């Protein structure tokens, strides 16, 4: 499975990013607009650079333009897609079936919410996609999943409905179990927030809908 690393223009903790990159292997790197600064700081050479380049210094652009092997996807600021969406499309066109996205959280809330919803774009195209920061790993679930104690991103696991309703949620092996429960956006969503893996394995299953899964640590 070809893995793509997308570095967006949001906030990226350098220490976290350095540790993260020592633990993962990406086959290609797509850098987004202001994310070029973090890309350079991390010692990476992008395979593709995407954006309208309204948040990156001109000298940084000129530095990378000297490399003829980099693919450029340049857009006008007045466009329908966000830079992150364009980067996802570029990575998929490059054959990536799994995306690790840094810098998509922790900044402007409108961008963060938009980036979470972009995970649905990936899901529809059968591409695994994850948003990472120093505290969270965010992804979507359209089917059940098994979690193993000690292997989650942090102590806490939360499930939040993306679709209006998620039916028949059953949680086993968690600190707070649940049996065949429907949750609706805006009501009782707290039932599935800040849970913890209590046994060697914990699992979630549900009948229909899509969940945002957040593995997090303090």
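In the working numbering, the protein residues as written are 488 to 705.
Quick reminder that beta carbons are idealized off the backbone N, C-alpha and C, glycines included.
These numbers were taken from a predicted model, which means no experiment stands behind them.
| Query | Result |
| --- | --- |
| Using only alpha-carbon positions, find the residue among 524, 646, 594 that is nearest to residue 494. | 524 |
| Distance, Cα to Cα, residue 672 vs residue 581? | 35 Å |
| With DSSP as the reference, label residue 548 as helix, strand or coil. | helix |
| At what residues does the alpha helix (DSSP H) containing residue 695 begin and finish? | First-last for residue 695: undefined, no H or E at that position. |
| Ends of the alpha helix (DSSP H) at residue 577? | 570–580 |
| Using the rule of at least 16 other Cβ atoms within 10 Å of the residue's Cβ for burial, across every protein chain shown, is residue 526 buried or exposed? | buried |
| Any idea which residues DSSP pairs residue 645 with across the strands? | 701 |
| Looking only at its own chain, which residues have a Cβ that is under 8 Å from the Cβ of residue 599, when we skip the five neighbours before and after it? | 497, 591, 592, 593 |
| By the three-class DSSP mapping on this structure, what secondary structure does residue 503 have? | helix |
| So the beta strand (DSSP E) residue 635 belongs to, where does it begin and stop? | 632–635 |
| Residue 491 by DSSP, collapsed to three states: which one? | strand |
| Does the pairing of the region 500–510 with the region 553–561 give three or more beta-carbon distances under 8 Å? | no |
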